[in-house]
Amino acid sequence: MPVDINYDNSARFASYYYQIKEVLSFNPSTVLEIGIGNNVVSSYLERCKIDVTTMDIDVSKEPDIVGDIRNLQKHLKEKYDVILCAEVLEHIPFDDFKKIISILPKYINKGAVITIPQAGLRFTIIFDFPLFHFKTLCVRLPIFYKKAKEHYWEINYRKSYSLKSIRKIMKDVFLIEKEYSIPANPYHRMFVLYKKSENLPLRERTSFLQNQIHSNRYYPNHSHQENYEQYQQGHKLCM
40 MPVDINYDNS ARFASYYYQI KEVLSFNPST VLEIGIGNNV VSSYLERCKI DVTTMDIDVS
100 KEPDIVGDIR NLQKHLKEKY DVILCAEVLE HIPFDDFKKI ISILPKYINK GAVITIPQAG
160 LRFTIIFDFP LFHFKTLCVR LPIFYKKAKE HYWEINYRKS YSLKSIRKIM KDVFLIEKEY
220 SIPANPYHRM FVLYKKSENL PLRERTSFLQ NQIHSNRYYP NHSHQENYEQ YQQGHKLCM
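If you count by this note's numbering, then the sequence shown holds residues 40 to 278, one letter each, in order.
Written out as structure tokens, the structure reads:
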């Protein structure tokens, strides 16, 4: 697949990093990535010994499944521990987005990782404290609410696409464990979702993951359980 360094800029690599980190937090055995981009994320997950299936509408990208996300029932025959769908849903009409979110749980064992662009002008301030590692502050300016030309919609582009509306659609079928603007790329908003049917210790797990996401002490070669046991044993992770 051709490499475009102008497309894969530092902000986009920040998104790749957080996509990978959130997928790994589920300790999955199987992952379906819908919209494979240039295979950066899927390649890394495969190196982590995860069985990754890719799906894309573009046959030139050589995905495992060639198909439109709006026809999941036609293309998917099994469930996956995690479905990753990053910067895809804005490329379809908003009404179709709502339908897709409603049927995703049928093909998920654990949860989903979704990113969606946010309309508007933002900037990020990053602080580096010796004892607390990196902390970020994302500031949104209430002007310049424009969307990319190739997108049908973006979060907050119109009232009907407000962040509150997006949350409501997701909460109808998922538990939103985490949601945040991606540091170093606040144009992308991250949603970490669990199936409502999953009986999970969310409060304890969320506390761990919130520490983990901002820490340089997460070990990608270890399982999530191994990292979690370190946390329980008193291994201090920075907020």
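Every residue, glycine too, gets a C-beta built ideally from N, C-alpha and C.
Let me check understanding here. Comparing Cα to Cα, which of the options lies closest to residue i?
i: P144; options: I122, I194, D134; result: I122
i: R109; options: I139, K235, K118; result: I139
i: A187; options: D211, K217, S204, P156; result: P156
i: P63; options: E85, R51, F52; result: The sequence as given places Leu at residue 63; Pro does not occur at that position. Nearest C-alpha to L63: E85.
i: K60; options: K203, Q112, Y83; result: Y83
i: F65; options: S49, C87, N78, V98; result: C87
i: V105; options: L111, M94, Q112; result: M94
So, using beta-carbon positions, are residue i and residue j closer together than 7 Å?
i: V152; j: G74; result: no
i: I96; j: V70; result: no
i: A125; j: T154; result: yes
i: W192; j: F230; result: no
i: D107; j: N148; result: no
i: S141; j: V212; result: yes
Can you give me the C-alpha to C-alpha distance between residue i and residue j, rounded to a whole angstrom?
i: D47; j: S201; result: 28 Å
i: Y196; j: E129; result: 11 Å
i: Y146; j: K137; result: 16 Å
i: K118; j: K207; result: 24 Å
i: I215; j: Y233; result: 7 Å
i: P67; j: I131; result: 28 Å
i: H114; j: G76; result: 19 Å
i: I194; j: K100; result: 27 Å
i: F52; j: H227; result: 12 Å
Would you list the residues sitting across from residue i in a DSSP beta bridge?
i: F136; result: Partner(s): none; F136 has no beta bridge.
i: S82; result: Answer is none; S82 lacks a bridge partner.
Three CB pairs or more closer than 8 Å across the segment 223 to 235 and the segment 56 to 70: yes
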